[in-house]
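Colleague:
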Amino acid sequence: MNKSKPTLIIILILLVGNVFFGVKYFVVQKKLGQTRAALETQKTNDKVLEFTKLFVDEVLKAKTEVDFETRLKLENAVRNLEDEKILTQWQKFIDSRTEAGVQEEVKDLLEILLSKIKIQ
Amino acid sequence: MNFDCDNCNVHITDSGLSGYALSETVGWIYLSDITNNNGGGTLSGYAWGENMGWIKFNPTNGGVIINSSGEFTGSALGENIGWIIFGGDYKVKTDWRPRSARPACNNSSDDDGDGKTDYPADPGCSSLEDADETDAVAASSGGGGSSPPEAFDAPKAPESGFRILVNNGAIETDSRKVTLILIGGSNTKTVWISENSQFPENFQASYNSSLPQISISFTLSEGEGAKTVYAKFCTQWGRCSEVVSDSIVLIKGPTIVEKITRILKPLVPEFLKPGPSEVKPPEVPIEKLVSKKAPLAFQGKWQLLPSEPIREFVLAPLPKAIRNLAQKFPTLEKTFEETGIVKITDVVKLKTVKLTLPGLTERVGLPTAKVANLSLSAKRQLPTEIVFAKTGGELIDFNLALSVTEKGEPQEKISTISGKPLQLVVKPGKPVRGVKGYVVFKSKVSQPTSLELPSNSLLASVIFANPVFAKVQEQPVRVEEKLVLLEFEYTDPDGDGIYTAEIQAPVVEGEYEIITVMDFEDPELGAKEIRLITVVDPEGYIYEKSGDKETRVPGAIVSLYYLYLNSETKQYELWPAKEYQQENPQTTDVRGTYSFLVPEGYYYLKVEAPGYLVYDGKPFEVKEGSGIHINIELKTKYWWLKIVDWKTILLAVVIILLLYNFYRDKIRERLVRLKNL
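If you read the sequences in order, they're chains A and B. Numbering-wise, the first sequence is residues 1 to 120 according to my numbering. Numbering-wise, the second sequence is residues 1 to 677 according to my numbering.
1. Using a cut-off of 7 Å between C-beta atoms, extract the partners of B/Ala297 located in chain A.
2. Closer than 9 Å by beta-carbon distance: list the chain B residues that pair up with A/Glu65, in chain order.
3. Which two residues bound the contiguous beta strand (DSSP E) that contains B/Thr560?
4. So with CB distances below 8 Å, who are the chain A contacts of B/Val290?
5. Thinking C-beta only, is B/Leu613 closer than 9 Å to B/Tyr561?
6. Anyone know if the C-beta pair for B/Tyr230 and B/Ile181 falls short of 9 Å?
7. Go to B/Trp302, then tell me how far its alpha helix (DSSP H) extends in each direction, as first and last residue.
8. Candidates B/Val598, B/Ile530, B/Ser559 and B/Leu565: which alpha carbon is nearest B/Asp616's?
9. Do A/Ala77 and A/Glu50 have their C-beta atoms closer together than 9 Å?
10. Provide the residue(s) that pair with B/Leu650 in DSSP beta bridges, ordered along the chain.
11. List, in chain order, every chain B residue whose beta-carbon is nearer than 7 Å to that of A/Val106.
12. For B/Gly225 and B/Val249, what's the separation of their Cα atoms in angstroms?
13. Are there 16 or more other CB atoms within 10 angstroms of the CB of B/Glu669, so buried, or fewer, so exposed?
14. Among B/Thr25, B/Pro266, B/Pro431 and B/Val517, which one has its Cα closest to the Cα of B/Val439?
15. Quick one: residues in its chain with C-beta nearer than 7 Å to the C-beta of B/Asp95, no 5 flanking neighbours on either side, listed in chain order?
16. Which term fits A/Tyr25, buried or exposed, when burial requires 16 or more other beta carbons within 10 angstroms of its beta carbon?
17. Do you know offhand how far A/Ile9's Cα is from A/Val19's?
18. For B/Phe218, which residues of its own chain have a beta-carbon under 6 Å away from its beta-carbon, when the five flanking residues on both sides are left out?
19. For the stretch 528-538 of chain B against the stretch 499-515 of chain B, do three or more pairs of beta-carbon atoms, one drawn from each stretch, fall closer than 8 Å, so that the two count as touching?
20. Using DSSP with H/G/I as helix, E/B as strand and the rest coil, what is B/Val92?
21. Less than 8 Å between C-beta atoms, sequence neighbours within five positions excluded: which residues of the same chain meet that for B/Glu172?
22. Please confirm if the stretch 423-431 of chain B is in contact with the stretch 375-394 of chain B, defined as three or more CB-CB distances below 8 Å between the two stretches.
23. Taking A/Ala62 as the query, report the chain B residues whose CB atoms sit under 9 Å from its CB, ordered along the chain.
24. Roughly how many angstroms lie between the CA atoms of B/Val654 and B/Ile667, to the nearest whole one?
25. Along chain A, in chain order, which residues have C-beta atoms closer than 9 Å to that of B/Ile171?
26. When the Cα of A/Glu65 is compared with those of B/Pro295, B/Ile341, B/Pro155 and B/Gly611, which residue comes out closest?
27. Would you identify the three-state DSSP class for B/Trp237, choosing helix, strand or coil?
28. Cα separation between B/Gly601 and B/Val622?
29. At a Cβ threshold of 9 Å, is B/Glu539 touching chain A?
30. Taking 9 Å as the CB-CB cut-off, is A/Val19 touching chain B?
31. For B/Ile649, which residues in chain A fall below 7 Å Cβ to Cβ?
32. Is it buried or exposed, B/Leu289, if we count other Cβ atoms within 10 angstroms and call 16 or more buried?
33. Would you mind stating whether B/Asn80 and B/Gly53 have Cβ atoms separated by less than 9 Å?
34. Nearest-angstrom Cα distance between B/Ser197 and B/Val243?
35. In the DSSP assignment, find the unbroken beta strand (DSSP E) run with B/Ser377 in it and report its ends.
36. Can you pull the chain B residues whose beta carbon is under 8 Å from the beta carbon of A/Glu50, in chain order?
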């Protein structure tokens, strides 16, 4: 009887400890998930802004033809965004055959880019 | 320089070297495909060191030779590190031998001139160690040999052919130890097994031809990847079959953790298991996606952004309503020009900039007056379709402010005090059947006013001669849809075309809208509505502070004094509230509230209450007529008593008594001492 009592107490403490740490684990996991999501959003924002800046500097402000190296850089940047919608719109912009068409596609591209930036 | 390190994997053939050597000072040296071997052990060509550059193996005055013992001798020349000497105390040795040092059946040359080279191609060779390629048949036919005729029979193939199976034909294995199943013929005596089709290790296993097949254990070479095991089946006379092979992929075996994971995996609930990993399509090199020729969009020939809409947007003039306002008020126009408010994009500046304009009463030279007392010509001058708000028996004009909405439309706005009377005046532009008004709750918090436009008299508002506030009513005010607090009618008892109404300002503070609907007689005109934003401020109150809380003081007498400029003394006098339909002084009720609606001027407040010190406020200026509703704190006459509570007093008394006790003790001691003396 005397021996079983401390054992029972230890088991009880361990049980409570397990429950406590279990709950704590799930809470921390949830927070981790939220933080990861926030970090991901931040990363996406950064990448979208970086591409938008590149696009404005190298394409919209370009006075002459955009060279191959810059186009490679732009293509890399747009693919790095890993966003199907932006990539599709980018492709539409590149494939434009008329001035009016390209102006429409630029507007749509800028609209999509801005809509991708999330403010928390 | 170490040629035998873990990952060196140096291999020497009759044609060249492959693999790496490792130097502890200069790192890796790449030998493959660069350094050539002429088969006789003389090396030539170059090796490449990542930190030492090219190393020539046959330089002038040097050269590296593998001698008959398999040792590297001589010297190579590194372009950056100079001579590398092979030999001496540290030797590089290989199991490869120059042709001249190898047996005739393993020297890659047709020594007997029968067109067949080495073992097992040359029937004269019984093994790689055989030093004579001479054909036994030819020898026997020439000189008479002792070999039986079956010695020259080729190995007999089984029905299924000679075969080797690694792990019974499995595709992959995670262990280097495998089981080989070998199927030979009835006269098969030995089996050669190797991972090299040339069988350089000379590993042979005996074959029991009485069995249909035999199984033996075999250890694969190190390193993951596809492994091929070759075998050839030979008779006791050394005649061998063609080489057969089987392949298996050696994969990395599971670690202890992986093994445990594998055991525990079925026990993990489904929701805790990770989802399936996404399979990414193979990536196409970016260079292939971008054409060398720039697309039309990148050729710089076109304007990528449409210039016309941008120009229209940027250079569009101010909204008509604001332009009308500026035209009617030259000072405002000048201010707009100086501050650069000339385009529609500048309207946003009006939301942050506060402009103070001179009162128009002085400019127009018209006095403040009651509507009923205005002359006919003044009534004619009264701008149409503008709602004016007055109080204090029409003697006080409300400070009419102009606010610009999000859409850039000007809006009327007044501020009043809760529960105070409000007189509304409107002059319809055309004959009306009636004018109706609604008080509608808008919001609890008022929006900031962008542009203060003083109008200290009704007639000062001639700047609104062009009606900019009245709008065609799109749909009637529906009581059930909005929080309509009050519905009232404007009246025109004297028939002068000016409609008036008197209402009470809502009691609850907040922002309200007074919607005035003019129902024109002309059916084409229909109905127009004018919206007047009314901000209702709370009344001021008298309070006493106790800690963080405020206690309202009822029964306090609040007197308002004003600077009577017309008097000779120019002293403050009690404000004549009765002229403005109000009371002065006011006695606060249980809520401790008071308020005054006053015209512009200088004022000060005095508050008296029994048990409190008299509050004598500082003079302040009221501009353009507005409410006085300051919250005033009163101090009690015995305020210092509140600083110390009864506990502090009790403690102080105890301390004093103690000190007095000590003092008396000292006196007593001194007296006793004096007596003793």
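Every residue, glycine too, gets a C-beta built ideally from N, C-alpha and C.
Modeller: This is what the structure holds:
1. Phe93, Ile94, Ser96 and Val102
2. Under the 9 Å cutoff, chain B gives Ala294, Phe298, Gln299, Gly300 and Lys301.
3. First, the amino acid is wrong: residue 560 of chain B is Leu here, not Thr. It spans Ile557 to Leu563 - the beta strand (DSSP E) in which B/Leu560 sits, taken as one unbroken run.
4. Phe68, Arg71, Leu72 and Glu75
5. no
6. no
7. Premise fails: B/Trp302 is in no alpha helix (DSSP H) and is neither H nor E.
8. B/Ser559
9. Yes.
10. Looking at the DSSP assignment, B/Leu650 forms no beta bridge with any residue, so it has no partner.
11. Here the neighbours are Leu304 and Leu305.
12. 5 Å
13. It is exposed - the Cβ of B/Glu669 has fewer than 16 other Cβ atoms within 10 Å.
14. B/Val517
15. Gly70
16. exposed
17. 15 Å
18. Val178 and Leu180
19. yes
20. Three-state DSSP puts B/Val92 in coil, outside helix and strand.
21. Ile248, Val249, Leu250 and Ile251
22. Using a C-beta cut-off of 8 Å, the stretch 423-431 of chain B makes contact with the stretch 375-394 of chain B, since at least three inter-stretch Cβ pairs fall below that distance.
23. Phe298, Gly300 and Leu304
24. 20 Å
25. Result: empty, since nearest Cβ-Cβ is about 35 Å, beyond 9 Å.
26. B/Pro295
27. coil
28. 5 Å
29. no
30. no
31. Simply none; closest approach about 51 Å.
32. exposed
33. yes
34. So the alpha carbons of these two residues sit roughly 7 Å apart.
35. That residue, B/Ser377, is in no beta strand (DSSP E); its alpha helix (DSSP H) goes Leu376 to Gln381.
36. Result: empty, since nearest Cβ-Cβ is about 17 Å, beyond 8 Å.
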